[in-house]
Amino acid sequence: MSQSSEPQEALPPVLVASVHDVRYFASLLRGVNFSNRATVTVTERGLTITVEDARTLLGTAFIFAGVFDEYIYNPEAPQPRSPAPQAPRPKRKQRPQRPQNPDYSETESETESEDENDAYNPDEDEDRQASDNAAFEIPLNTLIECLNIFGTAGPSTGNISTSINPIGAGRGQGGGVGRGRGWQRAANEDEDGDGGRRLARGIEAHFGGGAKEGKTGMRLAYAGGGYPLTLIIAEDASGPTTTCEITTFDPEPHLELDFDAEKIVLKIILKSSWLRDALSELDPSCEKLTFIGNPPTPQDGSGSGRNKRRQSDRLGVAKPMLRIQASGTFGSTEMDYPNDREVLETFECQQTVSFSYRFGHILRTIRALQSSTKTSLRIDNEGLLSLQFLMPSPKLRAENGADAFIEFRCLALDDDV
Amino acid sequence: MRFRACVVNVATFFRIVQAIEKLQKTCIIKFTETNMHIICNNDNNEGGIQVWSQIKVNSLFNDYRIQSNANNEITMAMSSEALLAALKSPSSNTSLDGEEVIMKLAKKNEHALLSFEISGMSRVGHGMRIVHDVKINVLKPVDVAKLTEPLCPTPDLHILLPPLALLRTIVDRLRPMSDLLAFQANNNKRLLLAIRNDSVSVETEWNDCQNPAAAEDEGNGDDEEPRDPNKMYSVCISTRSFLKFLNIHVVSTTTIACICQSHCLILYVYIGDVTDAGGVLTFYIPAIIDDDGR
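Sequence order for the protein chains is G and U.
Counted from 1, the first sequence has number 405 at position 405 by UniProt numbering; the numbering is strictly sequential.
Counted from 1, the second sequence has number 281 at position 281 by UniProt numbering; the numbering is strictly sequential.
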């Protein structure tokens with residue numbers, strides 16, 4: 001009896017991850033917290049959290065190992081009695097993708113290299129079928145509540161990431177040529193104070209907390225199939241410690257929404273605030289949201305003034321490149337985006353496209369949208385919408401090289417609905 | 001029957017009533033020559049939490065005058081919400097300059113009232129007088145005699161709680177997860193709050209809480225075997241009741257918890273310093289014995 005249990009205990013846990021400040025992790029989880037049951041997939045590169053709604057909407061948070069201070073993944077051995085050390089796995093071909101992620105934010109300065117943005121696509125979901133991962137289901141809301149047990153992982157304090165990040169980004173990129181105004185200003189103003197701030201942040205990271213603002217540290221462990229997810233949460237060494245054991249379930253198969261990059265009919269990259277402001281204007285009673293894309297008209301690129309464009313609009317000469325149209329019982333709203341690189345950093349559209357989605361589903365993305373800096377919006381020829389939100393990491397880019405992101409995929413409504 | 005006092009410490013009075021109001025719709029206040037007792041002993045509030053408090057008259061009032069046939073004591077029942085509303089205007093930021101709050105027993109249209117008279121100068125220098133009347137029922141001495149504090153066995157242990165505001169954030173998170181909260185502690189500075197449901201078990205633990213020496217223990221320490229300081233005592237209470245108690249965090253400085261295993265949790269909330277306490281609020285939260293006998 002005891003003999004058989006010993007070697008099992010000797011097995012290392014499938015996953016051990018720790019972080020000194022859970023706010024970023026919690027904000028990523030919160031971004032996909034629209035249904036309580038989430039599937040967590042553990043791979044060598046990080047965690048993916050997948051949540052599904054109404055067989056139509058799929059939300060996935062990609063949390064790279066670099067988000068954590070410590071991240072150890074031991075693939076579950078096929079038989080418990082053979083804990084043979086596994087040979088180091090060959091690096092997958094997607095591996096070089098990680099360092100490329102920051103490219104996404106550099107599109108502002110290097111808009112000509114748009115094509116590289118495709119590298120940001122996490123379309124390697126097929127990987128999940130591969131054997132080198134572990135998957136389990138957890139009640140996501142419970143996990144988030146547990147992380148916030150001391151009230152220091154909440155949304156209000158979580159915003160700090162967005163305020164810190166532009167500085168880090170500015171440093172990484174040097175001058176920044178065609179950058180958005182807000183970023184440029186941030187970079188200029190903080191040029192002097194930057195070193196000091198960075199230092200302060202370094203010290204904070206060392207002592208695991210600022211003087212006033214409590215930070216919650218966490219260590220999570222997952223021993224393997226059938227075991228609970230164990231979390232140890234503490235604010236600092238002297239304070240209380242919370243231990244949570246969250247029951248895990250066997251993963252249920254999820255909706256598969258494969259996005260074929262070759263069938264893209266509309267592709268837009270824009271600052272998240274532009275989309276967030278538009279969506280927040282809409283009345284929650286709306287039922288349907290339509291994205292309409294028109295190929296850019298060549299002479300309209302000068303941005304010579306709104307009046308002119310509006311006039312030509314009325315004449316029906318030039319159509320807006322991107323129009324968001326919402327309709328409901330009480331009326332409809334239309335919003336047009338100007339053809340301006342400041343707004344639509346990337347815009348690819350060969351012919352007029354129009355696809356509608358349930359507004360309720362689009363609203364599910366709003367929490368992720370709010371804490372993101374950039375959005376990539378793509379639609380394929382069947383109307384499958386892919387929204388990717390870049391979630392700025394509070395850490396310096398140099399340290400981990402990877403900002404996490406959240407992706408939503410949503411099926412279009414049938415035309416006649 | 002005469003009663004009149006000037007409320008000096010409106011803010012503290014207001015905060016106490018604020019916590020009481022969240023607990024129970026009506027409360028009983030007993031004024032004696034030296035103390036004010038706020039009592040909530042209604043059985044029909046959720047979870048059966050009771051409050052028996054004792055606040056020194058001079059920590060809240062001055063010019064305190066009381067006269068009655070019942071040993072110079074007056075006991076009254078009133079709506080805690082109305083009392084809170086009466087105290088709200090003088091305690092808010094928009095209060096008048098040189099304000100004075102007089103609390104007195106009055107009678108209007110054959111109805112007993114506790115009247116709060118607020119007088120002072122407005123910002124522009126006009127004299128102002130605001131009166132709030134709180135309808136009360138003066139209790140008969142026979143009924144007063146029936147008011148008795150719950151009887152509890154000698155507590156198994158005493159432990160000083162961490163700041164209640166911090167506890168409140170934690171219990172706030174636990175509440176949606178479980179209606180039952182296990183409150184556990186030992187005589188070696190350890191305090192544990194635990195919940196468990198189908199999908200999660202959460203335990204928050206402190207290892208640096210002081211155990212004040214209980215006076216009774218020192219007296220008859222000889223005949224008893226020294227108890228193992230690491231033995232955990234536990235009481236299972238309603239999470240919602242505990243959360244309601246934690247509303248008192250606005251006035252608390254020091255709080256001592258006593259566990260009477262599988263009977264109740266007693267919490268002493270001191271107003272001001274322990275040694276020179278202006279008053280003590282005692283909360284009784286009954287234990288819930290569930291099927292597992294936890």
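Idealized CB from N, CA, C, for every residue including glycine.
Note that the structure is predicted; figures quoted are calculated from it, not measured.
Residue i (DSSP reduced to helix, strand or coil)
i: residue 424 of chain G; result: Here chain G has residues from 1 to 417 only, and residue 424 of chain G is not among them.
i: U:V10; result: helix
i: G:V67; result: helix
i: U:Q261; result: coil
i: U:H37; result: strand
i: G:P75; result: coil
i: G:G31; result: helix
i: G:C244; result: strand
i: residue 332 of chain U; result: Not covered by the structure: residue 332 of chain U. The range shown for chain U is 1 to 294.
i: U:Y268; result: strand
i: G:T48; result: strand
i: U:S234; result: strand
i: G:A150; result: A small correction: the amino acid at residue 150 of chain G is Phe; Ala does not occupy that position in the sequence shown. Coil, per DSSP.
i: G:D283; result: coil
i: U:I248; result: helix
i: G:T41; result: strand
i: U:L181; result: strand
i: G:N141; result: helix
i: G:P295; result: coil
i: G:A54; result: coil
Short CB-CB distance (under 7 Å) between residue i and chain U
i: G:G151; result: yes
i: G:T157; result: Any reading at G:T157 must be qualified, since the residue scores a pLDDT of 39, below 50, and its modelled position is unreliable; no value is offered.
i: G:T39; result: no
i: G:I264; result: no
i: G:P251; result: no
i: G:L15; result: no
i: G:T230; result: no
i: G:T333; result: no
i: G:I246; result: yes
i: G:E145; result: yes
i: G:T216; result: no
i: G:K212; result: Since pLDDT at G:K212 reaches only 41, below the 50 mark, its modelled position is unreliable, and the value read off the structure follows with that caveat. Not closer than 7 Å to any Cβ of chain U, the Cβ of G:K212 fails to qualify, so no.
C-beta atoms of residue i and residue j nearer than 7 Å
i: U:A70; j: U:P162; result: no
i: U:D143; j: U:T239; result: no
i: G:E245; j: U:S201; result: yes
i: U:L60; j: U:K244; result: no
i: G:L344; j: G:L270; result: yes
i: G:K263; j: G:E348; result: no
i: G:P281; j: G:G328; result: Here the sequence assigns Glu to residue 281 of chain G, which means Pro is not the residue at that position. Result no, Cβ atoms of G:E281 and G:G328 do not sit closer than 7 Å.
i: G:A404; j: G:G31; result: no
i: G:S386; j: G:R358; result: no
i: U:D133; j: U:S115; result: yes
i: G:L275; j: G:T375; result: yes
i: G:L47; j: G:I63; result: yes
i: U:I285; j: U:I49; result: yes
Neighbour-count burial assignment, residue i, 16 or more Cβ in a 10 Å radius
i: G:R23; result: buried
i: U:V131; result: exposed
i: G:G305; result: A caution first: G:G305 carries a pLDDT of 46, below 50, which makes its placement in the model unreliable, though a value can still be read off. Under this definition G:G305 is an exposed residue.
i: G:T365; result: buried
i: G:M218; result: buried
i: U:Q67; result: exposed
i: G:F68; result: buried
i: G:E235; result: buried
i: G:G66; result: buried
i: U:E21; result: buried
i: U:M1; result: exposed
i: U:A182; result: buried
i: U:E33; result: exposed
i: G:P49; result: Correcting the residue identity first, residue 49 of chain G is Ile in this sequence and not Pro. With 16 or more Cβ atoms within 10 Å of its Cβ, G:I49 is classed as buried.
i: U:M128; result: exposed
Chain B residues whose Cβ lies nearer than 7 Å to that of residue i
i: G:T243; result: The structure shown contains no chain B; its protein chains are G and U.
Closer than 7 Å to chain G by CB, residue i
i: U:V250; result: no
i: U:V171; result: no
i: U:S199; result: yes
i: U:W52; result: no
Residue i: CB within 6 Å of a non-hydrogen atom of the ligand SAH
i: G:D340; result: Among the components of this structure there are no ligands whatsoever, and the ligand SAH is therefore not found.
#### Entry: beta strand (DSSP E) runs wholly inside the stretch 104-174 of chain U, at least 3 long, in chain order
111-121, 127-138, 157-160
### Query
Which runs of the alpha helix (DSSP H) fall wholly inside the stretch 338-383 of chain G and span at least 4 residues, in chain order?
359-363, 366-370
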